[in-house]
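For the sequence shown, position 59 (counting from the first letter as 1) is numbered 59 according to this note's numbering, and the numbering increases by one without interruption.
Below: the structure, in structure tokens.
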Amino acid sequence: MSAPMPTGVHYHQRSRELALTYDINGEQQSFRLSAEMLRVYSPSAEVRGHSPEQAVLQTGMKYIGLKNITPVGNYALKLHFDDGHDSGLYTYAYLWEMIENRELWWDDYLHELKKANASREPLGIPLQSQ
1 MSAPMPTGVH YHQRSRELAL TYDINGEQQS FRLSAEMLRV YSPSAEVRGH
51 SPEQAVLQTG MKYIGLKNIT PVGNYALKLH FDDGHDSGLY TYAYLWEMIE
101 NRELWWDDYL HELKKANASR EPLGIPLQSQ
């Protein structure tokens, strides 16, 4: 299946999850991606580098959230994270790939953190907004 275009996008602040709704064979289906996963798998050069060897493992992102979501044409979303990161366009194809592979990618991320003796926890005290 080629990547469908979402029919709905909603950010759940409390759970810090992006809900993407799709019309799949006439049925509305919704999928959620955590802001943490979206941040650690940002398509930006800052995170991915210009080659796999240049990728930078993102640590301390457990409590990351989104401040804003901006549509880009009919092909992507620009996500504005509360740590100031907002480079990289999340194409609808990339978001669909992330949905299809979320368990595998998450397991890979946790494995890479363990290998690097790093943590999802931020180094400082997380601030929570009301």
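Heads up, the beta-carbon is just placed ideally off N, CA and C, and yes, glycines get one too.
Computed from a predicted structure; not experimentally measured.
Buried or exposed by the 16-neighbour rule on C-beta atoms within 10 Å, applied to Leu38: buried
Option in Ser34, Gly60 and Ser2 with minimal Cα separation from Arg102: Ser34
6 Å Cβ shell around His80 - same chain, five flanking residues per side excluded: Sequence-distant partners of His80 (beyond 5 residues in either direction) whose C-beta falls short of 6 Å from its own C-beta, in its chain, are Lys67, Asn68 and Asp86.
Cα-Cα separation, Lys115 to Gly26: 43 Å
For Asn101, three-class secondary structure by DSSP: helix
Sequence-distant residues of the same chain with beta carbon closer than 6 Å to Asp82, five excluded per side: For Asp82, the CB contacts under 6 Å within the same chain, skipping 5 residues up- and downstream, are Gly65 and Lys67 in chain order.
Cα-Cα separation between Val40 and Lys62, rounded to whole angstroms: 10 Å
As assigned by DSSP and simplified to three states, the class of Asp107: helix
Segment contact flag, the stretch 72-79 with the stretch 88-96, C-beta cutoff 8 Å, min 3 pairs: yes
Beta-carbon spacing of Leu123, Gly60 below 7 Å: yes
Paired residues, beta bridge with Thr21 - DSSP: Within the DSSP secondary-structure output, Thr21 pairs in a beta bridge with Gly8 and Ser30.
Where the alpha helix (DSSP H) containing Ala35 begins and where it ends: Ala35 to Val40
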